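Since the structure comes first, as structure tokens, the remarks are kept for the end.
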DNA sequence: ACCTGAACACCGTTCAAGT
DNA sequence: ACCTGAACACCGTTCAAGT
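Chains as they are written, first to last, in my numbering: chain R, 125 to 321; chain C, 125 to 321.
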């Protein structure tokens with residue numbers, strides 16, 4: 125058991141990402157500094173530069189891992205065997221849970237200042253995230269359970285609605301107030317629409 | 125015509141806010157620095173401190189004016205004489221226009237780190253912004269043009285959908301890609317729902 | 001009442017040098 | 001290959017002092 129830190133950290137890259145996410149969750153984006161992260165990792169302030177070309181590169185890596193986990197959560201939550209409404213509700217709930225549990229990270233994921241070179245991977249991660257909603261729409265259309273129409277347009281519209289609710293809920297959560305509206309109301313609106321039947 | 129700047133700026137507060145908004149629009153939130161704003165205003169770097177207790181106070185003032193202008197835009201766009209679908213479409217378009225034209229400012233408005241002391245005014249501004257959608261829902265329900273249901277829940281749900289689309293569109297706009305989906309698709313979804321009629 | 005200038009404690013980034 | 005230490009050019013904030 126070596127008492128003093130070795131010259132080489134071992135896995136500084138992971139340590140920085142983990143520390144960054146903890147800071148993000150506990151103190152918000154504003155409190156995130158490379159020098160502070162280096163301090164926490166017991167390493168010089170210049171060391172992060174070997175693993176991330178700049179601060180934005182670290183933020184991009186964080187956002188990327190966020191998308192991967194969100195996509196994973198949606199895929200886990202999606203059960204094609206479920207009837208229409210419960211299936212969409214489950215997807216929405218998974219999205220909301222992620223938004224509430226990772227509010228600052230979600231902000232980062234939607235921040236539009238990623239490096240051009242990470243744009244490709246980011247786009248792929250977003251596509252995978254949207255994939256679950258896309259499959260839901262496609263399969264429901266096959267079964268004639270929802271109206272016909274460009275499935276991609278429908279996917280984006282449903283995704284937008286979920287995202288908006290997630291944004292509102294995250295604001296309420298961080299402000300300490302109770303969520304302005306629930307999943308059920310939005311899902312009902314999306315399925316049945318405003319017009320009376 | 126005095127050639128040199130007078131000791132007193134005259135209206136430094138307004139000048140700082142105007143400069144901040146220009147920077148926000150042209151270079152993004154990351155490029156916003158009090159010292160730079162002071163330089164542009166031809167004033168010492170400590171001068172802004174007399175008008176804003178800290179950087180966040182300036183951002184809060186910016187967000188507040190954003191809400192006021194957005195609320196104004198929605199009120200102008202809302203025409204109670206219009207039939208249901210065109211009326212909601214007009215509201216949505218006004219929101220989208222603002223989101224596209226003020227992407228960075230909208231981010232700021234939704235950033236959840238306002239000073240506690242500006243929270244009250246901020247909440248009032250948000251209420252006013254949501255007001256247009258609320259009136260639309262209330263009046264449409266009175267006319268029996270949309271289904272019954274808690275009007276506030278419906279308002280928030282519709283607001284969330286519009287906000288989500290605005291967020292998506294703003295990302296597309298800043299990324300230079302064409303908007304993923306249009307207003308018409310979302311409005312149609314909100315009015316008629318996914319389920320076949 | 002409003003602004004300046006110096007000071008303090010931070011940043012991110014770079015780069016020669018060390019191990 | 002990975003990290004350090006010093007250096008550079010920035011920040012936000014505070015506070016005595018000036019006008």
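All C-beta atoms in this analysis are idealised placements derived from N, C-alpha and C, irrespective of residue type, glycine included. Small disclaimer: the values here were computed from a predicted structure and weren't measured.
query: Rounded to whole angstroms, what is the Cα-Cα separation between residue 230 of chain C and residue 155 of chain R?; result: 21 Å
query: Verify whether the separation of the beta carbon atoms of residue 198 of chain R and residue 257 of chain R is less than 9 Å.; result: yes
query: Ordered along the chain, which non-local residues of its own chain (more than five positions away) have a Cβ less than 7 Å from that of residue 264 of chain C?; result: 208 and 270
query: For residue 149 of chain R, which residues of its own chain have a beta-carbon under 8 Å away from its beta-carbon, when the five flanking residues on both sides are left out?; result: 226, 228 and 229
query: Classify residue 320 of chain R: buried if its beta carbon has 16 or more other beta carbons within 10 angstroms, exposed otherwise.; result: exposed
query: Using a Cβ cut-off of 8 Å, pull out every chain R residue sitting near residue 154 of chain C, in sequence order please.; result: 237
query: Examine the Cβ distances between the segment 296-312 of chain C and the segment 273-284 of chain R and report whether three or more of them are shorter than 8 Å.; result: yes
query: Between the beta-carbon of residue 315 of chain C and the beta-carbon of residue 318 of chain R, is there less than 9 Å?; result: yes
query: For residue 213 of chain R, which residues in the same chain have their Cβ closer than 8 Å to its Cβ, ignoring the five residues on either side in sequence?; result: 307, 308 and 311
query: State yes or no: is the beta carbon of residue 305 of chain C nearer than 9 Å to at least one beta carbon in chain R?; result: yes
query: Could you tell me whether any Cβ in chain C is nearer than 9 Å to the Cβ of residue 257 of chain R?; result: no
query: Hey, could you find the ends of the alpha helix (DSSP H) residue 210 of chain R is sitting in?; result: 208-225
query: Which chain C residues are close to residue 150 of chain R, counting only those with a beta carbon under 8 Å from its beta carbon?; result: Within 8 Å Cβ-Cβ: nothing; residue 150 of chain R doesn't reach chain C, min ~14 Å.
query: Measure from the alpha carbon of residue 244 of chain C to the alpha carbon of each residue in R/168, R/299, R/132 and R/138, then state which is nearest.; result: R/299
query: Identify which residue in R/190, R/133, R/224 and R/179 has its Cα closest to the Cα of residue 293 of chain R.; result: R/224
query: Listing by chain order, which chain R residues have their CB less than 8 Å from the CB of residue 295 of chain C?; result: 234 and 236
query: Which of the three DSSP states is assigned to residue 172 of chain R in this structure?; result: helix
query: Using a Cβ distance threshold of 8 Å, determine whether the segment 140-148 of chain R contacts the segment 156-165 of chain R, with at least three qualifying pairs required.; result: yes
query: Within 9 Å (strictly less), CB to CB, does residue 320 of chain R reach chain C?; result: yes
query: Based on Cα-Cα distance, which residue from C/190, C/216 and C/157 lies nearest to residue 284 of chain C?; result: C/216
query: So for residue 318 of chain C, helix, strand or coil by DSSP?; result: coil
query: Considering residue 190 of chain C, what are the terminal residues of the alpha helix (DSSP H) in which it resides?; result: 179-201
query: Express the C-alpha separation of residue 259 of chain C and residue 200 of chain C in angstroms, rounding to a whole number.; result: 13 Å
query: Is DSSP giving residue 138 of chain C helix, strand or coil here?; result: helix
query: Hey, is residue 283 of chain R's beta-carbon within less than 9 Å of any beta-carbon in chain C?; result: yes
query: Spatial neighbours of residue 262 of chain C within its chain, please: C-beta separation below 7 Å, excluding the five flanking residues on both sides.; result: 275
query: Give a yes or no on whether the C-beta atoms belonging to residue 203 of chain C and residue 193 of chain C are separated by under 9 Å.; result: no
query: Report, in whole angstroms, the separation of the C-beta atoms of residue 398 of chain C and residue 133 of chain C, which I expect to be a contact under 8 Å.; result: Outside the modelled stretch of chain C, which goes from 125 to 321, sits residue 398 of chain C, for which no answer is possible.
query: When you compare the CB positions of residue 255 of chain R and residue 218 of chain R, do they come within less than 9 Å of one another, or not?; result: no
query: What residue range is occupied by the uninterrupted alpha helix (DSSP H) comprising residue 249 of chain C?; result: 240-266
query: Is any beta-carbon of chain C found at less than 9 Å from that of residue 286 of chain R?; result: yes
query: For residue 153 of chain R and residue 147 of chain R, what's the separation of their Cα atoms in angstroms?; result: 8 Å
query: Cβ closer than 9 Å: which chain R residues qualify as neighbours of residue 358 of chain C?; result: Coverage of chain C is limited to positions 125 through 321, which leaves residue 358 of chain C absent and any answer about it impossible.
query: Do residue 287 of chain C and residue 66 of chain R have their beta-carbon atoms positioned less than 9 Å apart in this structure?; result: With chain R covering 125 to 321 only, the question about residue 66 of chain R has no answer from this structure.
query: Skipping 5 residues on each side, what residues in its chain have a beta carbon closer than 8 Å to that of residue 233 of chain R?; result: 187, 190, 191 and 194
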